[in-house]
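Read the structure below first, then the notes.
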Amino acid sequence: MKAKRIGMTLVIVILLFGMIPGTADGEQKEKGYRARVRLSVIAAERIHRQIMDFMAIDLKKLGDVILTDKNFDWHLAVTGVELLTAEGKRTGVAISTVIMEPVPEPVVRSIITVLEKEGSTPAALEALKSKQLVEVKSSWLRADTDTAIRQLCRGIIADFDAQYLQPERMKDQRRHQQ
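The letter at position 166 of the sequence shown is residue 422 when you use the working numbering, and the numbering goes up by one with no holes.
Structure (structure tokens):
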């Protein structure tokens with residue numbers, strides 16, 4: 257009888273916990289800056305998972321980054337390449353990172369309006385309307401020894417944080433102080 261009561265209580269607690277906003281979707285609902293980042297990695301199978309995991313870990317460690325493929329604020333498009341000797345021995349790794357930011361919707365609408373007035377082709381306008389426009393903010397190429405994938409990824413995320421996320425945090429903080 258006592259075990260049945262404990263089981264029922266546990267079920268109720270689980271159900272109640274599931275109704276708390278933000279707990280079911282795994283996303284925290286705290287105030288403050290949140291960056292939604294898309295991370296895409298193209299690389300040889302042997303290094304793909306390492307690059308993806310290391311970068312994801314470092315982004316999450318920042319504490320205010322949500323990894324997503326939809327409605328992102330930033331897109332890190334990463335390409336990893338193994339550096340090989342003529343004999344096929346891997347001696348290093350090169351990682352190219354392109355940092356992109358979506359163009360705000362009002363700007364896209366303005367562009368479409370101007371192109372419509374200028375008589376742009378319907379196919380071009382339809383393509384523009386159906387794609388998300390992004391602005392390339394920066395591109396980096398880094399290379400190091402075979403054992404330095406972890407350090408390369410850590411450095412890329414640290415620089416992304418310093419150059420792009422930190423200024424956004426400061427803007428957000430100033431907005432909330434006013």
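C-beta: ideal position from N, C-alpha, C; glycine also.
What you are looking at is a predicted structure, and each value in this text was computed from that prediction instead of being measured.
- Membership of residue 291 in the beta strand (DSSP E) is indicated by the continuous run 291–299.
- Looking at the DSSP output, residue 356 sits in a beta bridge with 331 and 392.
- DSSP places residue 408 in the uninterrupted alpha helix (DSSP H) bounded by 405–416.
- Taken atom to atom, the span from the alpha-carbon of residue 319 to that of residue 395 is near 24 Å.
- Taking every protein chain shown into account, the CB of residue 300 has fewer than 16 other CB atoms within 10 angstroms, so this residue is exposed.
- With a threshold of 16 other beta carbon atoms within 10 Å, residue 298 falls short and is exposed.
- Put simply, the backbone Cα of residue 386 is about 10 Å away from that of residue 380.
- Here the alpha carbon of residue 400 sits roughly 47 Å from the alpha carbon of residue 377.
- The criterion of a C-beta distance shorter than 9 Å is not satisfied by residue 325 and residue 413.
- The Cβ-Cβ distance between residue 296 and residue 337 does not fall below 9 Å.
- Taking C-alpha positions only, residue 374 is separated from residue 392 by approximately 26 Å.
- In this structure, residue 355 sits away from residue 397, with a CB-CB distance that is not shorter than 9 Å.
- In the structure shown, residue 371 adopts helical secondary structure according to DSSP, grouped into three states.
- Spanning the alpha carbons of residue 312 and residue 402 requires a straight line of approximately 20 Å.
- Per DSSP, residue 421 lies in no beta strand (DSSP E) and is assigned neither H nor E.
- Residue 293 sits close to residue 329, with the two beta carbons spaced by under 9 Å.
- Bounds of the beta strand (DSSP E) holding residue 323 are 321–323.
- C-alpha of residue 360 to C-alpha of residue 418: approximately 22 Å in a straight line.
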